[in-house]
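Residue numbers (mature numbering (1 follows the signal peptide of the UniProt record, and there is no 0)): -21 to -1, 1 to 153.
We treat Cβ as the ideally placed atom computed from N, Cα and C, and that holds for glycine.
To start, the structure under review is shown below, and the notes come after it.
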């Protein structure tokens, strides 16, 4: 056989291998890494669904910008809405001390998230932990409420904690 025939066969075989090679999977986007990090499927699904509702956040490539953007675009607004809902519930049940305490705790949640937005990068996680502590105090207060169904506030706390957890995970990379 002529050398051109060998080259032709080699080229054909090479093309077959190349065409059947697995294409590399694209690396995960930053927000996907944040959602996967805890290793909990439920958290991952809730996190992805939440963040994908804010398309600009899905494009962010660095953790500090992610933290600040997520706080500004998503978390602070959620905290303010939750705070307003707790205050509405408090108006319905003005004699409920635990619900009043939750309303005060939401003042702390909103305040801490706003501080985290402008905080030095290495202190963002501390502010988010304080916001999470306020949610925990609200939960403790709700446990003492015996006369009013507080499930709506408990749901708000659970949802708000997801926002806090997302920022905490991202802030852990700063």
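Query	Result
I want to check one thing, is the minimum distance from the CB of residue 27 to the heavy atoms of the ligand PLP below 7 Å?	As far as ligands go, the structure on display features none, and thus does not contain the ligand PLP.
Starting from residue 18, trace the alpha helix (DSSP H) both ways and give me its first and last residue.	No alpha helix (DSSP H) contains residue 18, which DSSP labels as neither H nor E.
Can you name the start and end residues of the alpha helix (DSSP H) that residue 86 belongs to?	76 to 97
Helix, strand or coil for residue 65? Go by DSSP, reduced to three states.	helix
Go through its chain and collect everything with a Cβ distance to residue 84's Cβ below 8 Å, but skip five positions before and after it.	113, 114, 116, 117 and 120
Mind checking which residues open and close the alpha helix (DSSP H) that includes residue 114?	103 to 123
Is it the case that the Cβ atoms of residue 78 and residue 134 are separated by a distance below 8 Å?	no
Give me the Cα-Cα distance between residue 152 and residue 30, rounded to the nearest whole angstrom.	18 Å
With C-beta atoms as the reference, is residue 98 less than 8 Å away from residue 106?	yes
Thinking just about the alpha-carbon of each residue, which of 54, 132, 35 and 146 is nearest to the one in residue 72?	132
Leaving out the 5 sequence neighbours to the left and right, which residues in its chain are closer than 8 Å to residue 55 when beta-carbon positions are compared?	89, 92, 93 and 96
Taking contact to mean 3 or more Cβ pairs, one atom from each stretch, closer than 8 Å, check whether the stretch 42 to 60 and the stretch 9 to 20 are in contact.	yes
In three-state terms, what does DSSP make of residue 126?	coil
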